[in-house]
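Here's the structure we're looking at; comments come further down.
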Amino acid sequence: PRPNTYRMEPDNEYRFRPYKVQSKILEVLIEQMKDQTYNPATVHELIKNVSRSVNQLIKNFQLPRYKIVIQTMIGQKYEQTLRIGSRCLWDPKTDNTVSVNYETKDMIAVVIVHAIYFE
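Taking the numbering used here, the leading residue of the sequence shown gets 231, the next gets one more, and so forth.
What follows is the structure, given as structure tokens:
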């Protein structure tokens, strides 16, 4: 465990900035899904791979004292509507979220990353 710093907010250079990670998450989705077709028997492996890649990407940003929650959803695109809702109880000064959507010819993916600062 990290020693207590007695800080209520992160230093500016260590804040979670959604605009910095959004395009990188999209790159992960494009790379992981580019040659894939939807298969209900194997889609869980694709979800695991995307989640692991996004997790490693976020770790590379070196955000000490942030708890990261990643939600990855991949479904078949077949003339349906998809609505996803998310609510969080947090401090808007220190915590944030980013959502990235990506579609292929037969799949839709949504990755939501929540970053919660803790001391």
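Note that the Cβ used here is the ideal one computed from N, Cα and C, for glycine as well.
The region 317-324 contacting the region 280-294, beta-carbon criterion three pairs below 8 Å: no
Three-state secondary structure (DSSP) at Y244? Counted from its first residue, the sequence shown places residue 244 at position 14. Here Y244 sits in helix by DSSP.
Which partner residues does T302 have in the DSSP bridge list? Position 72 of the sequence shown, counted from the start, is the residue given in the question as residue 302. In DSSP, T302 forms a bridge with V341.
The alpha helix (DSSP H) with S329 in it runs from where to where? Along the sequence shown, read from residue 1 onward, the residue named residue 329 stands at position 99. Unbroken run through S329 is the beta strand (DSSP E), 326-333; no alpha helix (DSSP H).
In the DSSP assignment, what are the bridge partners of I255? Counting from 1 along the sequence shown, the entry for residue 255 is found at position 25. The partner list for I255 (beta bridge, DSSP) is empty, contrary to what the question assumes.
In the DSSP output, what is Y308 paired with across the bridge? Taking the first residue of the sequence shown as position 1, residue 308 is located at position 78. Partner(s): none; Y308 has no beta bridge.
To which residues of the same chain is T334 closer than 6 Å at the C-beta, ignoring the five residues directly before and after it? Taking the sequence shown and counting its residues from 1, the one referred to as residue 334 is at position 104. M263.
To the nearest angstrom, how far is it from the Cα of A339 to the Cα of L287? As a position in the sequence shown, residue 339 is number 109, starting the count at 1. As a position in the sequence shown, residue 287 is number 57, starting the count at 1. A339 and L287: Cα-Cα distance of roughly 17 Å.
Per-residue DSSP class, three states only, for K289: Against the sequence shown, residue 289 aligns to sequence position 59. Helix.
Let's test the definition: count the other Cβ atoms within 10 Å of the Cβ of P294 and tell me whether it reaches 16, buried, or not, exposed. On the sequence shown, residue 294 is found 64 positions in, with the first residue counted as 1. So P294 counts as exposed.
If P248 and N326 are in contact, beta carbons under 8 Å, what's the gap, nearest whole angstrom? Here residue 248 refers to the residue found at position 18 when the sequence shown is read from its first residue. Here residue 326 refers to the residue found at position 96 when the sequence shown is read from its first residue. Contact flag correct, Cβ pair sits at about 6 Å.
Measuring only the C-alpha atoms, how far is R255 from N269? By 1-based counting over the sequence shown, the position of residue 255 is 25. By 1-based counting over the sequence shown, the position of residue 269 is 39. In the sequence as displayed, the identity of residue 255 is Ile instead of Arg. So the two alpha carbons sit approximately 22 Å from each other.
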